[in-house]
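Participant:
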Amino acid sequence: MKFVDEFREPELINKAADEIRRLADPSRHYRLMEVCGGHTHAIYRFGLKDILPENIELIHGPGCPVCVLPMGRIDDGLSMAQDPNVIFTAFGDMMRVPGMNGSPLEHKARGMDVRIVYSPTDAIKLAQANPDRHVMFFSIGFETTAPSTALTLKRAKSLGLSNFSIFCNHVTIIPAIRAILDSPDMRLDGFIGPGHVSTVIGCRPYEWIAANEKKPIVVSGFEPLDILQSIVMLLRQLKNGESRVENQYKRVVPWEGNRAALAAMAEVFQLRPFFEWRGLGFISQSALRIRDTYAEWDAEQRFNVPGLRVTDPKAAQCGEVLKGVLKPAQCKLFGNECTPEHPIGALMVSSEGSCAAYFNYEHRKTAMLTNISASA
Amino acid sequence: MATAVTSKIRFHEPQIEMAHGAGGKASRRLIEGLFVPLLCESSSGILGDAAHIQMDGVLVGITTDSFVVKPLSFPGGSIGELAINGTVNDLAVSGVKAEAIVVTFVLEAGLPTEILEAEVRAMAKAAKDAGVIIAGGDTKVVEHGKADGMYISTAGIGRTIPGVNINPASVRPGDKVLLSGPVGDHGITILLARGDLDFEADLTSDTRSVLPLVEALVAAAGPGVRWMRDPTRGGMATSLNELARDCRLGVALYEDDVPVRETVRGACELLGLDPFHIANEGQFLAVVAPEHAEAGLAALRAAPGGDNACLIGEIREQPAGSVLALTRYGASRIVDMLVGDPLPRIC
Numbered sequence: 013m014k015f016v017d018e019f020r021e022p023e024l025i026n027k028a029a030d031e032i033r034r035l036a037d038p039s040r041h042y043r044l045m046e047v048c049g050g051h052t053h054a055i056y057r058f059g060l061k062d063i064l065p066e067n068i069e070l071i072h073g074p075g076c077p078v079c080v081l082p083m084g085r086i087d088d089g090l091s092m093a094q095d096p097n098v099i100f101t102a103f104g105d106m107m108r109v110p111g112m113n114g115s116p117l118e119h120k121a122r123g124m125d126v127r128i129v130y131s132p133t134d135a136i137k138l139a140q141a142n143p144d145r146h147v148m149f150f151s152i153g154f155e156t157t158a159p160s161t162a163l164t165l166k167r168a169k170s171l172g173l174s175n176f177s178i179f180c181n182h183v184t185i186i187p188a189i190r191a192i193l194d195s196p197d198m199r200l201d202g203f204i205g206p207g208h209v210s211t212v213i214g215c216r217p218y219e220w221i222a223a224n225e226k227k228p229i230v231v232s233g234f235e236p237l238d239i240l241q242s243i244v245m246l247l248r249q250l251k252n253g254e255s256r257v258e259n260q261y262k263r264v265v266p267w268e269g270n271r272a273a274l275a276a277m278a279e280v281f282q283l284r285p286f287f288e289w290r291g292l293g294f295i296s297q298s299a300l301r302i303r304d305t306y307a308e309w310d311a312e313q314r315f316n317v318p319g320l321r322v323t324d325p326k327a328a329q330c331g332e333v334l335k336g337v338l339k340p341a342q343c344k345l346f347g348n349e350c351t352p353e354h355p356i357g358a359l360m361v362s363s364e365g366s367c368a369a370y371f372n373y374e375h376r377k378t379a380m381l382t383n384i385s386a387s388a
Numbered sequence: 169m170a171t172a173v174t175s176k177i178r179f180h181e182p183q184i185e186m187a188h189g190a191g192g193k194a195s196r197r198l199i200e201g202l203f204v205p206l207l208c209e210s211s212s213g214i215l216g217d218a219a220h221i222q223m224d225g226v227l228v229g230i231t232t233d234s235f236v237v238k239p240l241s242f243p244g245g246s247i248g249e250l251a252i253n254g255t256v257n258d259l260a261v262s263g264v265k266a267e268a269i270v271v272t273f274v275l276e277a278g279l280p281t282e283i284l285e286a287e288v289r290a291m292a293k294a295a296k297d298a299g300v301i302i303a304g305g306d307t308k309v310v311e312h313g314k315a316d317g318m319y320i321s322t323a324g325i326g327r328t329i330p331g332v333n334i335n336p337a338s339v340r341p342g343d344k345v346l347l348s349g350p351v352g353d354h355g356i357t358i359l360l361a362r363g364d365l366d367f368e369a370d371l372t373s374d375t376r377s378v379l380p381l382v383e384a385l386v387a388a389a390g391p392g393v394r395w396m397r398d399p400t401r402g403g404m405a406t407s408l409n410e411l412a413r414d415c416r417l418g419v420a421l422y423e424d425d426v427p428v429r430e431t432v433r434g435a436c437e438l439l440g441l442d443p444f445h446i447a448n449e450g451q452f453l454a455v456v457a458p459e460h461a462e463a464g465l466a467a468l469r470a471a472p473g474g475d476n477a478c479l480i481g482e483i484r485e486q487p488a489g490s491v492l493a494l495t496r497y498g499a500s501r502i503v504d505m506l507v508g509d510p511l512p513r514i515c
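Protein chains in written order, with the working numbering: chain A, 13 to 388; chain B, 169 to 515.
(1) For A:A386, which of helix, strand or coil comes out of DSSP?
(2) Output yes or no for whether 8 Å exceeds the beta carbon distance between A:A36 and A:I68.
(3) Mind pulling the chain A residues with CB within less than 7 Å of B:G498?
(4) Which ranges does the beta strand (DSSP E) cover as unbroken runs of at least 3 residues, wholly within the segment 269-342 of chain B, from first to last along the chain?
(5) Closest by CA to A:P33, which one among A:P65, A:E46, A:V16?
(6) Counting only the same chain and skipping the five closest in sequence on each side, list residues whose C-beta sits under 6 Å from that of A:A328.
(7) B:S500: which of A:I55, A:M148, A:V209, A:I192 sits nearest, CA to CA?
(8) Tell me the DSSP bridge mates of B:K265?
(9) Anything in chain A within Cβ reach of B:E437, meaning under 9 Å, just list it in chain order.
(10) Please state if the CB of A:R303 and the CB of A:Q282 are separated by a distance shorter than 8 Å.
(11) Any idea if B:E282 is buried or exposed, counting beta-carbon neighbours within 10 angstroms, 16 or more meaning buried?
(12) Using a Cβ cut-off of 8 Å (strictly closer), state whether B:I514 contacts chain A.
(13) Let's test the definition: count the other Cβ atoms within 10 Å of the Cβ of B:L227 and tell me whether it reaches 16, buried, or not, exposed.
(14) From A:L300, A:A29, A:A141, pick the residue whose C-alpha is nearest to that of A:T7; which is it?
(15) Which word fits A:M112, buried or exposed, when buried means at least 16 other C-beta atoms lie within 10 angstroms of its C-beta?
(16) Please list, in chain order, the residues of the segment 474-490 of chain B that have any C-beta partner in chain E closer than 7 Å.
(17) CB-CB under 8 Å to A:D310, same chain, minus the five flanking residues each way: which ones, in chain order?
(18) What does the alpha-carbon distance come out to for the pair A:V109 and B:F452?
(19) Starting from B:V194, find everything on chain A with Cβ-Cβ shorter than 8 Å and list it in chain order.
(20) Could you confirm whether any beta carbon from chain A is found closer than 8 Å to the beta carbon of B:I502?
(21) Just to confirm, are B:V386 and B:V332 a CB contact at a threshold of 8 Å?
(22) Could you spell out the range, first to last residue, of the alpha helix (DSSP H) harbouring B:G434?
(23) Starting from A:A121, find everything on chain B with Cβ-Cβ shorter than 9 Å and list it in chain order.
(24) Considering only residues of the same chain and omitting the five flanking positions on each side of A:L165, which have a CB-CB separation below 8 Å?
(25) Give me the residue from B:G192, B:K176, B:A447 with the minimum Cα distance to B:E209.
(26) Could you tell me whether the Cβ of A:I25 comes closer than 8 Å to any Cβ of chain B?
(27) Is it right to say A:S115 is buried, meaning 16 or more other beta carbons lie within 10 angstroms of its own, or is it exposed?
(28) Find the residues of chain B that neighbour A:P22, judging by a C-beta separation of less than 9 Å, and give them in chain order.
(29) So if I threshold CB-CB distances at 9 Å, which residues from the segment 93-127 of chain A count as touching chain B?
(30) Taking a contact to mean a Cβ-Cβ separation below 8 Å, would you say B:R469 touches B:D353 in this structure?
(31) With 8 Å set as the bound, which would you pick, yes or no: does the beta-carbon of A:Y56 sit closer than that to a beta-carbon of chain B?
(32) Given B:G489, which residues of its chain have a CB within under 7 Å of its CB, disregarding the five upstream and five downstream residues?
(33) Is the beta carbon of A:H51 closer than 8 Å to that of A:S232?
(34) Within the continuous beta strand (DSSP E) that includes B:D233, where are the two ends?
(35) Figure out for me which residue from B:A187, B:T255, B:V270 has the closest Cα to the Cα of B:D398.
(36) Does B:G355 have its Cβ less than 8 Å from a Cβ in chain A?
If you want it as structure tokens, here you go:
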């Protein structure tokens, strides 16, 4: 498979791992945060921790949109779909995220019309095919998916589609990184920067991290070789005492971003004054709402949104895990009450959630290795 | 007495979800937590694809299966022939040669006769090809709007193939894992045939009878064949996890040696699916004693339709009860059973 196999080539991976071992100062402990949940997933999926030296610690960041969404927003979305005339649509990774009274999938089993779509334009097609029903799309994601929502809104407007709306839950990445850096218990040496978000926003928005916070950041692809190469680039900067923004993912990410996508977003969205993030609390200017010129397609303006605020179960430590303060397995519920099958927090649901990735690919392996070394 | 049985029920979920039919963890919880305690109290605890019963000194294999695939026909197959091959395969991987099948049709009022006739013809052909007779059946019709055209349910019976004893308890560390061909074709074909995704690929379902391949393997590796399974719903990952659990050993998978077609890999990359979790309808996995593995693999490859058979892994002491995929660059990951149901109604 082109653009995939080259970046999973064992020989090149071993070379990059050798280079990392050469560059890493054995007397130093490196804390590197991968901001994006896609990276977290890839790190576990490809077993990269097995081939990294022990003094390189990867901290999982907040870049999993499903994970950072507070539970109340899911309940808000589902409350609008209580009306039997409404068809609730969302991406597949939303379906098993628990709300106060169950996930969208559990509501579906009880009779709610809940459907998975692979693209918001599929929701438009569904609305056209069901003119007597109202189709609501639960939109979620960072700047990666926001442009497709923007284009969908523009399309709904140009079609004059009256039985379609979007419940907008888009958030933006930069304020989240800022919040992480403001967190007093967080000591980081550098960032593996988000790849997909950067295809839209480009590399410039990260320059303040490098300049003001003196942390190197390397925008990275998602294959094993991409991630290892980004770590090499970070280690080189750290060795030379530099802090710059570098682009490892040049084959996809333009330095200036995607102007057409940014323009579509600017036309359709405006910043909310503040928005609540799971684990990070309220962050100002960190989320998008639909502009009044598109109010007709804004579910929040069309429906009565209860604006629910639901606190996470007390014992769940999703917030600490999201901020990178705790490792998934350090949460009291991990693997006991909270598993991918019976998730209590969203981090155990999304494939980009660090708890799900850790549970699926690493957990028993680590337990086994611990047992072996304990018995040896 | 009734209280004693009730107390063994371990399934306490309030309602049935699609995942309970997906063949993965939820299915297993339902079967082991509700059906087995109430219906099969004396069960060995190991749940195979077919049951073995003694009848007048003859060891007979019996199985039942049902088919709710949507759409009814898809590139490479349709519900009718899937029903026959699925039943033949469940028996074959239990070391049983299917001899007779009975069939129940649940039909939706309004189903065009033309569609029904095509499916019945497809069944007749599949039965002839597999060397099995259709010995009887039943027909029910439900209201328009129910049953999505038709559901088919089958039961199959046959005699044990001489010289083969399938039992996960006989699996030992060092045994080899063989796979008959590429995985994921059926599930991805169905996904594309539903037309929900705006992409097309040149791919057909792998649905077929695996009996000739099973017979070839048994003829070459005889008593060395310790376990077989056709990885349908939940895919190869789920079957191997069931094996690991039943034999209390670990399965080490050489990830890069598992054959997966480019189109299937591509679709899985795009959709975030793992090909090891995708359903198959014409492949099987076998655990073979190391001294018989080479001969078994050669026999599979020499049999018609077995040219892509591969050695994909081995049994190890650790990680006991789990499946570990090993990469060529020295890393590893746990491969779990399917959780949830990304592709409902696949067969």
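Note that the Cβ used here is the ideal one computed from N, Cα and C, for glycine as well.
Remember, it's a predicted structure, so these values are computed and weren't measured experimentally.
Facilitator: From the atom records:
(1) The sequence position of residue 386 of chain A within the first sequence is 374, counting from 1. With a pLDDT of only 43 at A:A386, under the threshold of 50, the placement of this residue in the model should not be trusted; the figure read from the coordinates follows. Correct three-state label for A:A386: helix.
(2) Taking the first residue of the first sequence as position 1, residue 36 of chain A is located at position 24. Taking the first residue of the first sequence as position 1, residue 68 of chain A is located at position 56. Result yes, Cβ atoms of A:A36 and A:I68 sit closer than 8 Å.
(3) Along the second sequence, read from residue 1 onward, the residue named residue 498 of chain B stands at position 330. Going along chain A in sequence order, the residues near B:G498 (Cβ under 7 Å) are D62, I63.
(4) 301-310, 318-328
(5) Residue mapping note: residue 33 of chain A aligns to position 21 of the first sequence, counting from 1. Looking at the sequence provided, one finds Arg at residue 33 of chain A rather than Pro. Residue A:P65 is the option with its Cα nearest to A:R33.
(6) Position 316 of the first sequence, counted from the start, is the residue given in the question as residue 328 of chain A. Same-chain partners within the cutoff: L345, I356, G357.
(7) One-based indexing of the second sequence puts residue 500 of chain B at position 332. Check the Cα spacing between B:S500 and each of A:I55, A:M148, A:V209, A:I192: the tightest is with A:I55.
(8) The residue given as residue 265 of chain B occupies position 97 in the second sequence. Paired residue(s): B:R327.
(9) As a position in the second sequence, residue 437 of chain B is number 269, starting the count at 1. Per Cβ cutoff of 9 Å: M13, V16.
(10) The residue you call residue 282 of chain A lines up with position 270 of the first sequence. The residue you call residue 303 of chain A lines up with position 291 of the first sequence. The answer is yes: Cβ separation under 8 Å.
(11) Locating residue 282 of chain B in the second sequence gives position 114, counting from the first residue. B:E282 should be labelled exposed.
(12) Locating residue 514 of chain B in the second sequence gives position 346, where the first residue counts as 1. It does not: the Cβ of B:I514 has no partner Cβ on chain A nearer than 8 Å.
(13) The sequence position of residue 227 of chain B within the second sequence is 59, counting from 1. Result: exposed.
(14) With chain A covering 13 to 388 only, the question about residue 7 of chain A has no answer from this structure.
(15) Numbered from its first residue, the first sequence carries residue 112 of chain A at position 100. That one is exposed.
(16) Considering every chain present, this structure includes no chain E. Its protein chains are A and B.
(17) Numbered from 1 along the first sequence, position 298 holds the residue referred to as residue 310 of chain A. For A:D310, where only same-chain residues beyond five positions count, the Cβ hits under 8 Å are S177, I178, C180, R301, I302.
(18) Working through the first sequence from its first residue, we reach residue 109 of chain A at position 97. Working through the second sequence from its first residue, we reach residue 452 of chain B at position 284. When rounded, the distance between both Cα atoms is 34 Å.
(19) For the purposes of this step, residue 194 of chain B is identified with residue 26 of the second sequence, where counting begins at 1. One detail in the question is off: residue 194 of chain B reads as Ala in this sequence, not Val. In chain order: E353.
(20) In the second sequence, the residue the question calls residue 502 of chain B occupies position 334. Nearest CB-CB separation between B:I502 and chain A: below the 8 Å threshold.
(21) Sequence index remark: in the second sequence, residue 386 of chain B carries index 218 (1-based). Sequence index remark: in the second sequence, residue 332 of chain B carries index 164 (1-based). Cβ distance < 8 Å, so B:V386 and B:V332 count as in contact.
(22) Against the second sequence, residue 434 of chain B aligns to sequence position 266. Note, B:G434: alpha helix (DSSP H), 430-439.
(23) Residue numbering aside, residue 121 of chain A sits at position 109 when the first sequence is read from its first letter. What A:A121 touches in chain B: Q183, I184, E185, M186.
(24) Translated into positions along the first sequence, residue 165 of chain A becomes position 153. Excluding sequence neighbours, A:L165 sits near I178, V280, I302, Y306, W309.
(25) If you number the second sequence from 1, residue 209 of chain B lands on position 41. With distances taken between Cα atoms, B:E209 lies closest to B:K176.
(26) The residue given as residue 25 of chain A occupies position 13 in the first sequence. It does: the Cβ of A:I25 has a partner Cβ on chain B nearer than 8 Å.
(27) Counted from its first residue, the first sequence places residue 115 of chain A at position 103. By the neighbour-count rule (16 or more Cβ atoms within 10 Å), A:S115 is buried.
(28) Within the first sequence, residue 22 of chain A is the residue found at index 10, counting from 1. Within 9 Å Cβ-Cβ: D424, T495, R496, Y497, G498.
(29) G104, D105, M107, R108, L117, E118, K120, A121, R122
(30) Stepping through the second sequence from its first residue, residue 469 of chain B is reached at position 301. Stepping through the second sequence from its first residue, residue 353 of chain B is reached at position 185. It is not a contact, given that the beta carbons lie outside the stated cut-off.
(31) By one-based count along the first sequence, residue 56 of chain A stands at place 44. At a cut-off of 8 Å, the C-beta of A:Y56 has a neighbouring C-beta in chain B.
(32) Locating residue 489 of chain B in the second sequence gives position 321, counting from the first residue. A412, R413, R416, listed in sequence order.
(33) Walking along the first sequence from the start, residue 232 of chain A turns up at place 220. Walking along the first sequence from the start, residue 51 of chain A turns up at place 39. Their beta carbons are under 8 Å apart, which means A:S232 touches A:H51 by this criterion.
(34) Taking the first residue of the second sequence as 1, we reach residue 233 of chain B at position 65. First-last of the beta strand (DSSP E) with B:D233: 226-235.
(35) On the second sequence, position 230 is the one that residue 398 of chain B refers to. The candidate whose alpha carbon is nearest that of B:D398 is B:T255.
(36) Within the second sequence, residue 355 of chain B is the residue found at index 187, counting from 1. For B:G355, the answer is no, since every Cβ of chain A falls outside 8 Å of its Cβ.
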